[in-house]
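Residue numbers (the numbering used here): 147 to 772.
Heads up, the thing below is written out as structure tokens.
Laid out in structure tokens, this is it:
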């Protein structure tokens, strides 16, 4: 077989346990599908541009049409006339799923693999090990992530030693917080949690594999092949399912490309079609217009949806960037009961309890709980009460479970579902989905809510900090606005690429759509009704950057203040002030991974924005590949 892809020099040898001949052969076998991925990504940008040109919002698909790259009629998909999947035994009960990467950005293997141990000993029903939003991409972290998962699944000695130590650390914390341990028999508990992997989305290229011609190569294909090829045998031999989360899908056509990737890989490995199971994160508003169509396109692979709050808000903002009347409020106001979020959640739950032709329903995993129980006694108590209330609401609405961003939250939130005793809520009766003009309009429904200087500072401060954290290798980080550093009553929240995206999108909206503020602010002199101008943004930007430069090492690492922090600030400033809204904050961050030279950073930011402004080209390949 002629090689059409290449691996960065040196990595094939240093990660020979991940880039095995079998794994590389699979990537090579699926390489032609990289073209399909690029086609649907180009189509995504073209649709975005055309809607902006026509000043038109999204609509539902024509019921008489056929889902692209499938032979399935849209109406058949909506009616459940397609073959889906039964839910495997180890996904029947998923009250709590934790999320996070399997690797740390620095340190030894022994230290890094502790991430997996904390997850598998947490008591979560499932754990989504993140290869995307929460996984740093500095150096070779994506490969460290794969290595740690492979060692854990194989129950390698280095993992088992780490797990024994982690169990003691977890119990020490639990004894202080709950008054009792949470890990009894650590070796037995390792088998409780269903291991799930989130591959990177179609919108991202891999940093370590590219096409022979030098163009970027799909991270989706790489992640899927490396994880499944390296781990399918021990998982299946242990009677466990092979489960993925698929992120950032916008259309049923994109889901169909994913289906081709999965089916091709199953064929390559001699696995029955449908062996690989997938959840889909509904974190793009366009996907909310095509829920049943996405289920149908994934067929026997599909098991459920997740309602991913932060990316979804960002996608709504991005989809109507052209509309001067659509302006989001403070991010704190956009909960799951807010306007378009309430409508989105309702459509997801109704789509899950529409049966396929064999009577199979699907799972609905509720959204993320970002709180972490670290802070003052009063602050923790208040935050945990809100977390439990949020979980109770989702359970009442029909969710089979929810996500938490930290292992400490598992035993705080899981009792909400334990009290009900129901494995899941599949088949619970809800009204069928409808596809009216009003349904389409409601997916962009705004409600009165505050837009304030305090809200702007929160967006800006955390947005900059997130870019800085990513530059330091932490794509998931516990952050809070600079004004609350040292205030233990205000807890840190787990932030990742999704929260970073929405923070910049809202700021862009406010600047370019002339958002009017709803409260006086004595410090800035802003009054009710004042417009959030570019000049006001720049003033706040300068003030928040100064706070971060002067912050203590606990909140802003001293070593970052002359390296990644200035570049993070430059990206935020350029993104928000650009007249053309960039589709992804993460694109600009990825271009500067492992770059600590500010002038180089400025050149790369300008190169990206110029290319996108010219013809919609996204620069996604690794500029430092060589």
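The beta-carbon is built from N, C-alpha and C at its ideal position, and this holds for glycine as well.
In this text, all values refer to a predicted model and were calculated from it rather than measured experimentally.
Asked: Same chain, Cβ closer than 6 Å to residue 454, neighbours up to 5 away in sequence not counted; Found: 427, 429
Asked: Extent of the continuous alpha helix (DSSP H) run through residue 452; Found: Taken as a continuous stretch (DSSP letters only), residue 452 belongs to no alpha helix (DSSP H), being part of the beta strand (DSSP E) at 448-453.
Asked: Distance, residue 292 Cα to residue 757 Cα; Found: 33 Å
Asked: 4-residue-minimum alpha helix (DSSP H) runs that sit fully inside the segment 558-608, ordered along the chain; Found: 561-566, 583-588
Asked: Assigned exposure category for residue 379 - 16 Cβ within 10 Å defines buried; Found: exposed
Asked: The segment 296-304 touching the segment 347-356, judged by at least three CB pairs closer than 8 Å; Found: no
Asked: At least 3 beta-carbon pairs within less than 8 Å: the segment 484-494 vs the segment 583-594; Found: yes
Asked: Among 626, 658, 634, the one whose alpha carbon lies nearest that of residue 690; Found: 626
Asked: Spatially closest choice to residue 272 from 262, 281, 280, 279, by CA coordinates; Found: 262
Asked: Beta-ladder partner(s) of residue 742, from DSSP; Found: DSSP output for residue 742 lists no bridge partner at all.
Asked: Pick from 400, 377, 150 that is closest to residue 182, judged by C-alpha positions; Found: 400
Asked: Assigned secondary structure, residue 406 (DSSP; H/G/I helix, E/B strand, else coil); Found: helix
Asked: Limits of the unbroken alpha helix (DSSP H) element including residue 700; Found: Premise fails: residue 700 is in no alpha helix (DSSP H) and is neither H nor E.
Asked: Whole-Å CB distance - residue 507 paired with residue 573, under 8 Å assumed; Found: 5 Å
Asked: For residue 645, the first and last residue of its enclosing alpha helix (DSSP H); Found: 643-658
Asked: Between the CA atoms of residue 715 and residue 369 - distance to the nearest angstrom; Found: 30 Å
Asked: Inter-residue Cα distance where the pair is residue 540 and residue 162; Found: 44 Å
Asked: Closest residue to residue 475 among 708, 663, 172, 526 (Cα-Cα distance); Found: 663
Asked: Three-state class that DSSP yields for residue 806 in the structure shown; Found: Residue 806 lies beyond the range of the chain shown here (147 to 772); nothing can be said about it.
Asked: Bridge partner(s) assigned by DSSP for residue 364; Found: 351
Asked: Three-pair Cβ contact test at 8 Å for the segment 211-226 versus the segment 540-555; Found: no
Asked: First and last residue of the uninterrupted alpha helix (DSSP H) at residue 273; Found: Note, residue 273: premise wrong, no alpha helix (DSSP H); beta strand (DSSP E) at 272-276.
Asked: Unbroken stretches of the alpha helix (DSSP H), 4 residues or longer, contained in the segment 204-291; Found: 220-225, 255-258, 260-266
Asked: Member of 322, 327, 333, 301 whose CA lies at the smallest distance from the CA of residue 310; Found: 333
Asked: CB contact flag (residue 264, residue 563, <8 Å); Found: no
Asked: Alpha carbon of residue 192 to alpha carbon of residue 199, nearest angstrom; Found: 10 Å
Asked: Residue 549, DSSP secondary structure in three states; Found: strand
Asked: Close Cβ partners of residue 158 (< 6 Å) along its chain, the five nearest in sequence each way excluded; Found: 165
Asked: C-beta contact flag for residue 515 and residue 555 at 8 Å; Found: yes
Asked: Rounded distance between the beta-carbons of residue 717 and residue 751, thought under 8 Å; Found: 6 Å
Asked: Residue 499 and residue 647 closer than 8 Å at C-beta; Found: no
Asked: Residue 340 in three-state terms, based on DSSP; Found: strand
Asked: Proximity of residue 655 and residue 463 at Cβ, strictly below 8 Å; Found: yes
Asked: Distance between beta carbons of residue 280 and residue 622, contact taken as under 8 Å; Found: 4 Å
Asked: For residue 727, three-class secondary structure by DSSP; Found: coil
Asked: Own chain, CB closer than 8 Å to residue 744, minus 5 neighbours either side, in chain order; Found: 712, 713, 716
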